[in-house]
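Each residue of the sequence shown is one higher than the one before, starting from 1 at the first, in UniProt numbering. Read through the structure below, which is laid out as structure tokens, and then see the notes.
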Amino acid sequence: MNSSSFLAAVFGVFAAFASTAICRDASGNERLELGPTRLFFAGNAMVDMFARVDQSVIDSLNFAKGESNGITPETFKALGEKVQVESKNPGGSSANTARAYAYLGGKASYFGLIGEDELADDFDSYLGSYGVDMKTIRRPGTFTSQLYSLVTPDAERSMYLLFGASRTIVAEDVDASVMDDYDYYVVNGFMFGTPGHIAFTNKMIDAALSRGKKIITLFANSVCIRKYSEHLKPVAAKSAYLSGNLEEFSKLYGIDDKEELFLHFEDLTSVRKLQHKAVIITMGGEGAYIIFRGKRYFVPPTGVEVVDTTGAGDFFAGSVLYGLLNGFTVEQSGEFARAVLSDILTHMGTSVSEDVRAKVAAIKHSA
């Protein structure tokens, strides 16, 4: 082979590789499901309280920064004496995701246990105001779970929970036949925290799959990967949709290289395997990827000045899922998430400002 032939062969291989790489990028014009799609959520119902703190407060609690951990009533009370609450609203990872999905116009129902107190009233009315169909139960003799979301100057949130009624969920609390009315059951990583949670979650997964319905799994927090990976990974394998951040995916699947991780899920979403319909991987300030049909679509970061990251992953998942499951394009699905996050990232707490509705309406009519 002469030198010109050799170079032609080399460039031919390079061109083929480049073509393959380009083909992995989706156009964003694809639509995954026409909808309307009904989701059933279950989670730890709680009321979140938000406060700004110095790093020293986080260090004094002896938990990893950025995670979510349960604390004793004594520690919770002492913490309340140290911080000044700036905002308070009902939350919990599953509730946040349901709220985003319903806010955008999706059909979402939420189950959780609340106590016999005013916080229970607040929880139901608040989620209901976002369009969530409430299926909560008040557990006699208990209080509604509460959480401090403490935000350090770098805008990172660390969460400390005082568990009440939400911790008492058992399989018998919901009849499996409830899944007759829904298309997907949404599994949340925090719903493996107790034997009762595990039994409940497994029952609902079986109820969905045995009826020909599907599963969505939200990893929720890196602490869920560390504590519950033995439960999460087999459930994830059965799920049509997955959502989590890059760290959570890397830890659960043991793949540290980002490109290798993306290729792994391009393979699992390809027509050849189709284990998952779509995989949503967030990367904080670097944006996110939606991987589907063996391709990837990049969702740019919001570019806003971040004040509080509490609930960001939950709202991103709920917003993207709304688009993917209800007839919108992949690009529109990402834009829904950017519109919602551009708001909630810029203030303390997870309430969505009224002016976001106009942005959402514009995205819906952009096709």
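Glycine residues also receive a C-beta, built at the ideal position from the N, C-alpha and C atoms. As the structure is a prediction and not an experimental result, all values here were calculated from the model.
With DSSP as the reference, identify every bridge partner of residue i, one or two as the case may be.
i	result
D48	N89, L147
S243	L218, I280
G70	L161
F249	According to DSSP, F249 bridges with nothing at all.
M134	Y110
Y101	The partner list for Y101 (beta bridge, DSSP) is empty, contrary to what the question assumes.
E187	Checking the sequence, you will find Val at residue 187 rather than Glu. DSSP, once it has assigned bridges, lists T217 as partnering V187.
G226	Reading the sequence as shown, one finds Arg at residue 226 and not Gly. Answer is none; R226 lacks a bridge partner.
F336	Answer is none; F336 lacks a bridge partner.
R24	Partner(s): none; R24 has no beta bridge.
F315	None, per the DSSP bridge assignment.
A42	F111
G329	Before going on, a small fix: residue 329 reads as Thr here, not Gly. In DSSP, T329 forms a bridge with R31.
Under 9 Å between the Cβ atoms of residue i and residue j?
i	j	result
S94	F41	yes
I344	A317	no
residue 376	N89	The question about residue 376 has no answer, for the chain in this structure spans 1 to 367.
Y182	S319	no
residue 434	G92	This structure does not reach residue 434, given that the chain is present from 1 up to 367, and the question cannot be answered.
F143	L161	no
V186	A98	yes
G131	G112	no
V178	A199	no
A108	V85	no
D133	V47	no
I205	K238	yes
L324	L127	no
A278	L242	yes
V83	D308	no
T168	A45	no
Y184	A208	yes
D338	A26	Checking the sequence shown, residue 338 turns out to be Arg, not Asp. Cβ atoms of R338 and A26: not closer than 9 Å.
R157	T310	yes
P153	E116	no
L34	G287	no
A155	R138	no
V352	Y103	yes
L321	L39	yes
residue 371	M348	Because the chain is modelled from 1 through 367, residue 371 falls outside the range shown and cannot be assessed.
So residue i packs on residue j, CB below 8 Å; how close in whole Å?
i	j	result
G43	F190	7 Å
F292	N96	F292 to N96, Cβ: 23 Å. No contact.
S222	E248	6 Å
K203	A176	6 Å
S270	G294	3 Å
R211	D180	7 Å
S149	M49	7 Å
Would you check whether the ligand COA has a heavy atom nearer than 8 Å to the C-beta of residue i?
i	result
E331	Within the structure as shown, the ligand COA is missing, as the structure has no ligands at all.
For the 8 Å Cβ check, are there 3 or more pairs between the segment 63 to 76 and the segment 326 to 335?
-> no
Three CB pairs or more closer than 8 Å across the segment 258 to 265 and the segment 297 to 310 = no
Contact the segment 212 to 231 vs the segment 356 to 364: 3+ CB pairs below 8 Å | no
Whole runs of the alpha helix (DSSP H) within the segment 189 to 218, excluding any shorter than 4 residues | 195 to 210
Report yes or no: do the segment 50 to 69 and the segment 272 to 283 share at least 3 C-beta pairs separated by less than 8 Å?
-> no
Which whole runs of the alpha helix (DSSP H) in the segment 253 to 308 are 4 residues long or more, in chain order?
-> 258 to 269
Determine contact between the segment 247 to 256 and the segment 229 to 236, defined as no fewer than three beta-carbon pairs at a distance below 8 Å.
-> yes
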